[in-house]
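Undergrad:
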Amino acid sequence: MLEISEWFRVLAETSGINLTIVYDAYDRERMVRGFFNTILLSGICLVLSIVIGVVGAWLQGSSLKWTRRIVSGYIQLFRNTPPLVQMYFFFFALGALMPRMQNEWGIMEPILSNWHWAIISLSFFAGAFNVEIFRSGIEAVPKATVEAAKSLGYTRLQAYRHVVLPLALRVCLPALNNNLVNLVKTTTLAYAIAVPEMLYVANQIWSDSLNVPEMMTFLLFAYVGLLALLVWVMNRWERSLRLPGFGS
Amino acid sequence: MSRTRLEGTTDLPVLMPAADRLAARAQAERHLGGPALRLSLLHGCALALLIAVWAGAVWAQDTVAGEVRPGVFAALWQWLPVLLGGFVFNVGISIMAMGIGTVTGTALGILQVSKIRPLRSSSWLVTQFFRNAPWLVLLFYCMFLMPFEFTVLGVTIPFPDWVKAVIGLALPVMANVSEIVRGAIQSIPSGQWEAARSLAFSRRQILFEIILPQCVKRMLPPWMNLYAILTMATVLASVVGVSEVMTLTQRALAAESRTDLLVPFYGFVMLLFFVYCYPIARYTQKLELRYAVK
Amino acid sequence: MKSRTYIGVGLIGLGLAATAPARADTLRDVIESGTLTVGVKADYRPYGYLDTDGNVVGIEPDLAQDAADVLGVDLELIEVVASNRMQFLEQGRIDVMIATMTDTMERRGVVEILNPDYYSSGTNILARKSSEFSDWSDLDGAPVCGVQGAFYNRKTEEEFGADIVGFTGTSEALNALQQGRCAAFVYDDSFLNSRLQEDGWADYEMPLETIDDAPWGMAVKTGEDAMAAFMSGMIVHWHTTGRIVELEEEYGIQPVPFTRRMHERYRGYIPDSGS
Numbered sequence: 001m002l003e004i005s006e007w008f009r010v011l012a013e014t015s016g017i018n019l020t021i022v023y024d025a026y027d028r029e030r031m032v033r034g035f036f037n038t039i040l041l042s043g044i045c046l047v048l049s050i051v052i053g054v055v056g057a058w059l060q061g062s063s064l065k066w067t068r069r070i071v072s073g074y075i076q077l078f079r080n081t082p083p084l085v086q087m088y089f090f091f092f093a094l095g096a097l098m099p100r101m102q103n104e105w106g107i108m109e110p111i112l113s114n115w116h117w118a119i120i121s122l123s124f125f126a127g128a129f130n131v132e133i134f135r136s137g138i139e140a141v142p143k144a145t146v147e148a149a150k151s152l153g154y155t156r157l158q159a160y161r162h163v164v165l166p167l168a169l170r171v172c173l174p175a176l177n178n179n180l181v182n183l184v185k186t187t188t189l190a191y192a193i194a195v196p197e198m199l200y201v202a203n204q205i206w207s208d209s210l211n212v213p214e215m216m217t218f219l220l221f222a223y224v225g226l227l228a229l230l231v232w233v234m235n236r237w238e239r240s241l242r243l244p245g246f247g248s
Numbered sequence: 249m250s251r252t253r254l255e256g257t258t259d260l261p262v263l264m265p266a267a268d269r270l271a272a273r274a275q276a277e278r279h280l281g282g283p284a285l286r287l288s289l290l291h292g293c294a295l296a297l298l299i300a301v302w303a304g305a306v307w308a309q310d311t312v313a314g315e316v317r318p319g320v321f322a323a324l325w326q327w328l329p330v331l332l333g334g335f336v337f338n339v340g341i342s343i344m345a346m347g348i349g350t351v352t353g354t355a356l357g358i359l360q361v362s363k364i365r366p367l368r369s370s371s372w373l374v375t376q377f378f379r380n381a382p383w384l385v386l387l388f389y390c391m392f393l394m395p396f397e398f399t400v401l402g403v404t405i406p407f408p409d410w411v412k413a414v415i416g417l418a419l420p421v422m423a424n425v426s427e428i429v430r431g432a433i434q435s436i437p438s439g440q441w442e443a444a445r446s447l448a449f450s451r452r453q454i455l456f457e458i459i460l461p462q463c464v465k466r467m468l469p470p471w472m473n474l475y476a477i478l479t480m481a482t483v484l485a486s487v488v489g490v491s492e493v494m495t496l497t498q499r500a501l502a503a504e505s506r507t508d509l510l511v512p513f514y515g516f517v518m519l520l521f522f523v524y525c526y527p528i529a530r531y532t533q534k535l536e537l538r539y540a541v542k
Numbered sequence: 543m544k545s546r547t548y549i550g551v552g553l554i555g556l557g558l559a560a561t562a563p564a565r566a567d568t569l570r571d572v573i574e575s576g577t578l579t580v581g582v583k584a585d586y587r588p589y590g591y592l593d594t595d596g597n598v599v600g601i602e603p604d605l606a607q608d609a610a611d612v613l614g615v616d617l618e619l620i621e622v623v624a625s626n627r628m629q630f631l632e633q634g635r636i637d638v639m640i641a642t643m644t645d646t647m648e649r650r651g652v653v654e655i656l657n658p659d660y661y662s663s664g665t666n667i668l669a670r671k672s673s674e675f676s677d678w679s680d681l682d683g684a685p686v687c688g689v690q691g692a693f694y695n696r697k698t699e700e701e702f703g704a705d706i707v708g709f710t711g712t713s714e715a716l717n718a719l720q721q722g723r724c725a726a727f728v729y730d731d732s733f734l735n736s737r738l739q740e741d742g743w744a745d746y747e748m749p750l751e752t753i754d755d756a757p758w759g760m761a762v763k764t765g766e767d768a769m770a771a772f773m774s775g776m777i778v779h780w781h782t783t784g785r786i787v788e789l790e791e792e793y794g795i796q797p798v799p800f801t802r803r804m805h806e807r808y809r810g811y812i813p814d815s816g817s
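Chains as they are written, first to last, in the numbering used here: chain A, 1 to 248; chain B, 249 to 542; chain C, 543 to 817.
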């Protein structure tokens with residue numbers, strides 16, 4: 001392990017390709033933590049955005065006009081504004097309005113930290129897209145199936161949970177896959193509110209070590225690698241859940 | 249405009265009252281060649297509500313800070329030309345990136361269904377790579393690797409920052425358009441290909457004269473969706489130093505040196521994007537309904 | 543006085559230009575093309591910031607204008623940030639860089655930083671009076687706001703054990719400080735001083751002693767000896783006449799000890815007009 005670090009240090013001195021994240025312990029530690037933070041942030045937002053998507057899709061099918069309108073308004077707002085500005089708005093505007101508690105430094109701090117706001121902002125952003133995806137999935141379930149469930153005595157909620165949702169999930173899995181890939185890429189925006197994910201850490205490192213191209217290349221391969229893994233897992237899952245006769 | 253007497257209607261009250269209105273609208277749209285955008289009073293109320301919420305957040309933040317500082321809206325008014333200019337710049341970047349990305353993406357998408365295996369696999373690879381790379385990283389690469397001026401045949405052509413940003417954004421657009429085109433081509437029933445072959449069309453003729461014209465309608469909603477995503481992504485250019493609306497907002501905030509302006513200014517930027525993108529989203533929805541392929 | 547110094551400065555520059563071997567000569571290009579391109583900051587009040595018309599104004603743009611006036615050419619200002627200012631010089635996109643850059647040995651390996659330095663600032667924190675910090679070691683484990691890319695962030699983390707929360711700009715970091723998300727804000731003491739002179743910061747102070755007082759340098763591309771000589775001459779001229787102190791007062795900040803010291807040292811300095 002030490003030889004690898006040494007080889008990179010020599011590489012930096014001779015050829016100018018400076019990859020401090022390999023040979024410098026401080027930078028290496030930061031980058032590893034950043035990588036895991038990206039995975040953690042993506043994972044939490046993934047789950048939350050799917051929950052928001054499911055709930056939103058159910059609310060959109062409600063018979064109350066105003067429920068439908070509110071959900072529709074939420075979707076339009078989050079789809080038509082830049083996620084970066086959403087993140088700023090959540091953290092600086094809504095964050096300031098939160099009730100404050102005294103932290104260990106004797107300062108009155110708002111209760112939700114920047115991690116929380118990053119998760120909220122990204123989940124709602126991805127959730128807005130998910131609501132539409134789930135909606136189209138639900139609409140692809142034949143009415144006859146839903147009516148059959150109703151005639152068997154399922155309530156609307158039970159039919160949604162046991163009949164409609166599993167079928168809808170299988171139909172909209174490709175689009176969901178796409179959205180999840182976008183979500184992982186969008187987590188880079190959390191750097192703006194100082195969440196220590198990969199881009200934030202890379203920014204710190206290249207400011208100190210003046211090695212922007214090397215860090216950018218590393219980021220490129222790290223994200224492409226991470227996403228390739230995610231896409232592969234999703235493809236396997238898609239194939240195992242494939243409905244016979246649907247799609248090509 | 250009086251209710252036009254349409255053919256096939258009757259005086260008998262058998263049709264619902266809305267039928268006349270819808271028939272008239274259908275006729276108008278036939279003239280236009282496509283659905284028209286209709287923004288009603290409800291939209292105006294919704295927009296007013298949004299502005300009220302924004303103004304409320306501004307006021308709430310001011311009060312929370314302990315003191316109501318005067319002139320927040322006055323400060324916004326002063327910086328309005330700069331911010332609007334920046335936003336127009338964003339829109340310009342998005343239109344140019346979309347143009348370049350669409351042209352190259354269509355070519356790439358056609359290559360993806362080519363019969364020649366190396367062409368097919370290499371274009372697939374390029375598409376997958378640019379689809380999976382984060383937009384910010386691609387943008388950074390373009391800013392870095394490209395020189396800031398070209399010397400061709402003794403003439404120096406300047407290569408400003410925003411051109412590099414346009415190219416950097418056009419790359420993921422190209423990959424996504426390529427996927428859209430490929431999906432659309434593959435959704436045309438194979439019977440059409442076979443029928444055309446039996447009529448002695450060459451592959452090139454089939455593609456350009458039969459398949460692609462049908463694809464245009466199918467591609468339109470996802471393409472417009474992509475444009476919305478791209479417009480939102482132009483904000484990333486601020487990270488690489490292009491003077492677009494986010495950069496200018498941050499500079500205006502630094503120049504004013506007042507922390508209570510952060511929320512109003514960013515809220516204003518959000519409003520700008522919403523007012524621009526929402527009509528496009530509505531239009532896309534209409535197109536989707538019209539061109540929905542069962 | 544003015545014309546004598548200008549002639550002296552000009553002779554230094556042109557003399558070196560005449561003796562330099564035939565290679566890319568930015569000074570000659572600037573005089574021929576009639577435009578001096580200077581990279582400045584646009585988000586650091588009062589050194590370089592935007593006015594409501596969208597123009598870049600401030601202490602550094604004014605210095606750049608002085609240099610352009612001496613050469614008798616037009617001035618073009620290019621907005622730069624910390625991550626691209628040296629790269630722009632290397633590419634040749636800007637001729638001179640006056641962008642609040644701290645003079646470090648590492649950076650001298652990348653671009654040619656001119657002597658003498660023209661400004662200086664140290665690192666300090668802005669904290670609530672109620673926090674009662676008295677020493678840098680008090681920051682151990684505390685969340686400290688900073689601006690992403692500042693070179694003292696790493697030292698504050700490594701040496702003093704602080705937990706740096708880096709934001710994209712000073713407004714965001716100050717806002718976070720006011721919201722209570724961090725115990726302090728670490729930045730240049732000159733910037734923090736200006737903030738303390740404004741309204742709204744009555745509950746805050748700069749409690750620690752300023753450390754790492756490091757001078758700022760202007761820079762040109764490595765190898766541009768003629769341009770380097772000319773700009774060095776301009777800096778000496780500014781220190782001699784106290785121009786930088788004058789600009790600081792004009793933009794409403796307390797002149798830093800460095801500029802006063804340099805003005806004292808160079809007062810009455812007449813360059814050897816050479817033979």
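Glycine included, each C-beta is placed from N, C-alpha and C at the ideal position.
If we call anything under 8 Å between Cβ atoms a contact, is C:E790 one with C:P799?
TA: As a first step, residue 790 of chain C is located in the third sequence; it is residue number 248 there, counting from the start. As a first step, residue 799 of chain C is located in the third sequence; it is residue number 257 there, counting from the start. Their beta carbons are not under 8 Å apart, which means C:E790 does not touch C:P799 by this criterion.
Undergrad: Please state whether DSSP places A:N37 in a helix, a strand or coil.
TA: Taking the first sequence and counting its residues from 1, one reaches residue 37 of chain A at position 37. Note: A:N37 maps to helix in three-state DSSP.
Undergrad: Can you have a look at B:A413 and say buried or exposed, based on whether 16 or more other CB atoms are within 10 angstroms of its CB?
TA: Mapped onto the second sequence, residue 413 of chain B falls at position 165. Buried is the call here.
Undergrad: Scan the region 78–102 of chain A for residues whose Cβ lies nearer than 9 Å to a Cβ of chain B and list them as they occur along the chain.
TA: Per Cβ criterion, the list reads R79, N80, T81, P82, P83, L84, V85, Q86, Y88, F89, F92, A93, L94, A96, L97.
Undergrad: Taking 8 Å as the CB-CB limit, is B:M346 close to chain A?
TA: In the second sequence, counting from the first residue as 1, residue 346 of chain B sits at position 98. No - not a single Cβ of chain A is within 8 Å of the one on B:M346.
Undergrad: Have a look at A:T14 and B:L419 and give me their C-alpha separation to the nearest angstrom.
TA: Taking the first sequence and counting its residues from 1, the one referred to as residue 14 of chain A is at position 14. Taking the second sequence and counting its residues from 1, the one referred to as residue 419 of chain B is at position 171. Distance between the alpha carbons of A:T14 and B:L419 is about 33 Å.
Undergrad: Which same chain residues, not among the five before or five after A:N182, have their C-beta less than 7 Å away from its C-beta?
TA: Counting from one through the first sequence, the residue named residue 182 of chain A turns up at place 182. Excluding sequence neighbours, A:N182 sits near nothing in its chain.
Undergrad: Residue range of the alpha helix (DSSP H) that A:S209 falls in?
TA: For the purposes of this step, residue 209 of chain A is taken as residue 209 along the first sequence, with counting starting at 1. 198–209 is the extent of the alpha helix (DSSP H) around A:S209.
Undergrad: Which whole-angstrom value describes the C-beta separation of B:I433 and B:I459, a residue pair presumed to lie in contact below a C-beta threshold of 8 Å?
TA: Translated into the one-based positions of the second sequence, residue 433 of chain B becomes position 185. Translated into the one-based positions of the second sequence, residue 459 of chain B becomes position 211. So it is a contact: roughly 6 Å between Cβ atoms.
Undergrad: Relative to the alpha-carbon of A:V54, which residue among A:N130, A:L241, A:P196 has its alpha-carbon at the smallest distance?
TA: Within the first sequence, residue 54 of chain A is the residue found at index 54, counting from 1. Comparing Cα-Cα distances from A:V54 to each of A:N130, A:L241, A:P196, the minimum goes to A:N130.
Undergrad: Would DSSP call B:G333 helix, strand or coil?
TA: Taking the second sequence and counting its residues from 1, the one referred to as residue 333 of chain B is at position 85. Three-state DSSP puts B:G333 in a helix.
Undergrad: Give the C-beta separation of C:D677 and C:G703 to the nearest angstrom, bearing in mind that I take them to be a contact with Cβ-Cβ under 8 Å.
TA: Within the third sequence, residue 677 of chain C is the residue found at index 135, counting from 1. Within the third sequence, residue 703 of chain C is the residue found at index 161, counting from 1. No, C:D677 and C:G703 are not in contact; Cβ-Cβ is about 12 Å, not under 8 Å.
Undergrad: In angstroms, rounded to a whole number, what distance separates the CA positions of A:L208 and B:A502?
TA: As a working mapping, residue 208 of chain A is identified with position 208 in the first sequence. As a working mapping, residue 502 of chain B is identified with position 254 in the second sequence. Looking at the sequence provided, one finds Asp at residue 208 of chain A rather than Leu. Those two C-alpha atoms are separated by around 23 Å.
Undergrad: Are C:V689 and C:A641 close, meaning C-beta to C-beta below 8 Å?
TA: Residue mapping note: residue 689 of chain C aligns to position 147 of the third sequence, counting from 1. Residue mapping note: residue 641 of chain C aligns to position 99 of the third sequence, counting from 1. No.
Undergrad: Can you tell me whether A:G153 is buried or exposed? The criterion is at least 16 other CB atoms within 10 Å of its CB, across all chains shown.
TA: In the first sequence, residue 153 of chain A corresponds to position 153, counting from 1. It counts as exposed.
Undergrad: State yes or no: is the C-beta of B:G334 within less than 8 Å of the C-beta of B:S491?
TA: Locating residue 334 of chain B in the second sequence gives position 86, counting from the first residue. Locating residue 491 of chain B in the second sequence gives position 243, counting from the first residue. Yes, the pair counts as a contact, with Cβ atoms nearer than the cut-off.
Undergrad: In chain order, what residues of the same chain have a beta carbon less than 7 Å from the beta carbon of B:N473, not counting five sequence neighbours either side?
TA: For the purposes of this step, residue 473 of chain B is identified with residue 225 of the second sequence, where counting begins at 1. T532.
Undergrad: Measuring CB to CB, does A:Q76 end up less than 8 Å from B:A529?
TA: Reading the first sequence from its first residue, position 76 is the one you call residue 76 of chain A. Reading the second sequence from its first residue, position 281 is the one you call residue 529 of chain B. Contact flag set, yes.
Undergrad: Which chain A residues are close to B:G515, counting only those with a beta carbon under 9 Å from its beta carbon?
TA: Counting from one through the second sequence, the residue named residue 515 of chain B turns up at place 267. Within chain A, the residues near B:G515 are V85, F89, A93.
Undergrad: Below 8 Å between beta carbons: does that hold for C:L619 and C:V598?
TA: Within the third sequence, numbered from 1, the residue matching residue 619 of chain C stands at position 77. Within the third sequence, numbered from 1, the residue matching residue 598 of chain C stands at position 56. In contact: C:L619 and C:V598 (Cβ atoms closer than 8 Å).
Undergrad: Considering only C-alpha positions, which residue in the set C:F675, C:L719, C:D616, C:R785 is nearest to C:D637?
TA: In the third sequence, residue 637 of chain C corresponds to position 95, counting from 1. The residue with the shortest Cα to Cα distance from C:D637 is C:D616.
Undergrad: Count the other C-beta atoms from every protein chain shown that fall within 10 angstroms of the C-beta of C:P685, then say buried if there are 16 or more, exposed otherwise.
TA: Start at 1 with the first residue of the third sequence, and residue 685 of chain C comes out as number 143. Its Cβ being crowded by 16 or more others within 10 Å, C:P685 is buried.
Undergrad: For the region 718–733 of chain C against the region 99–110 of chain A, do three or more pairs of beta-carbon atoms, one drawn from each stretch, fall closer than 8 Å, so that the two count as touching?
TA: Because the criterion of three Cβ pairs below 8 Å is met, the region 718–733 of chain C and the region 99–110 of chain A touch.
Undergrad: If the cut-off is 7 Å on Cβ atoms, which residues from the region 139–171 of chain A count as contacting chain B, listed in chain order?
TA: Cβ contacts with chain B: none found.
Undergrad: Note down the Cα distance separating B:G357 from B:I364, rounded to an integer number of angstroms.
TA: Start at 1 with the first residue of the second sequence, and residue 357 of chain B comes out as number 109. Start at 1 with the first residue of the second sequence, and residue 364 of chain B comes out as number 116. If I take the Cα positions, the gap works out to 14 Å.
Undergrad: Using DSSP with H/G/I as helix, E/B as strand and the rest coil, what is C:P563?
TA: Residue mapping note: residue 563 of chain C aligns to position 21 of the third sequence, counting from 1. Low confidence applies here, because C:P563 scores a pLDDT of 46, under 50, leaving its location unreliable; read the following figure in that light. Coil.
Undergrad: Using only the alpha-carbon positions, how far apart do A:A96 and B:F321 sit?
TA: To locate residue 96 of chain A, count along the first sequence from 1; it is residue 96. To locate residue 321 of chain B, count along the second sequence from 1; it is residue 73. Those two C-alpha atoms are separated by around 20 Å.
Undergrad: Under a CB-based cut-off of 8 Å, is A:Q60 close to chain B?
TA: For the purposes of this step, residue 60 of chain A is taken as residue 60 along the first sequence, with counting starting at 1. For A:Q60, the answer is no, since every Cβ of chain B falls outside 8 Å of its Cβ.
Undergrad: Using the C-alpha atoms, what's the distance from B:T375 back to B:V361?
TA: Indexing the second sequence from 1 puts residue 361 of chain B at position 113. Indexing the second sequence from 1 puts residue 375 of chain B at position 127. Cα-Cα distance, rounded: 13 Å.
Undergrad: Assuming the contact rule is C-beta atoms closer than 8 Å, A:A159 and A:V146 should be a hit. Round their C-beta distance to whole Å, please.
TA: Indexing the first sequence from 1 puts residue 159 of chain A at position 159. Indexing the first sequence from 1 puts residue 146 of chain A at position 146. Rounded, the Cβ-Cβ distance is 6 Å, consistent with contact.
Undergrad: Who are C:R670's beta bridge partners in DSSP?
TA: Walking along the third sequence from the start, residue 670 of chain C turns up at place 128. Bridge partners of C:R670: C:Y746.
Undergrad: Could you check whether the Cβ of B:F335 sits closer than 8 Å to any Cβ belonging to chain A?
TA: In the second sequence, counting from the first residue as 1, residue 335 of chain B sits at position 87. No, its Cβ sits nowhere closer than 8 Å to a Cβ of chain A.
Undergrad: Measuring only the C-alpha atoms, how far is A:A144 from A:L59?
TA: The count along the first sequence starts at 1 and reaches residue 144 of chain A at position 144. The count along the first sequence starts at 1 and reaches residue 59 of chain A at position 59. Rounded to whole angstroms, A:A144 to A:L59 spans 21 Å at the Cα level.
Undergrad: Are the beta-carbon atoms of A:I138 and A:A175 separated by less than 8 Å?
TA: Reading the first sequence from its first residue, position 138 is the one you call residue 138 of chain A. Reading the first sequence from its first residue, position 175 is the one you call residue 175 of chain A. Against a cut-off of 8 Å, the Cβ pair of A:A175 and A:I138 comes out as no contact.
Undergrad: When the Cα of A:P166 is compared with those of A:V231, A:A192, A:L241, A:Q204, which residue comes out closest?
TA: Taking the first sequence and counting its residues from 1, one reaches residue 166 of chain A at position 166. Comparing Cα positions, the closest option is A:L241.
Undergrad: Go to B:W410, then tell me how far its alpha helix (DSSP H) extends in each direction, as first and last residue.
TA: Here residue 410 of chain B is taken as the residue at index 162 of the second sequence, counted from 1. Residues 409–435.
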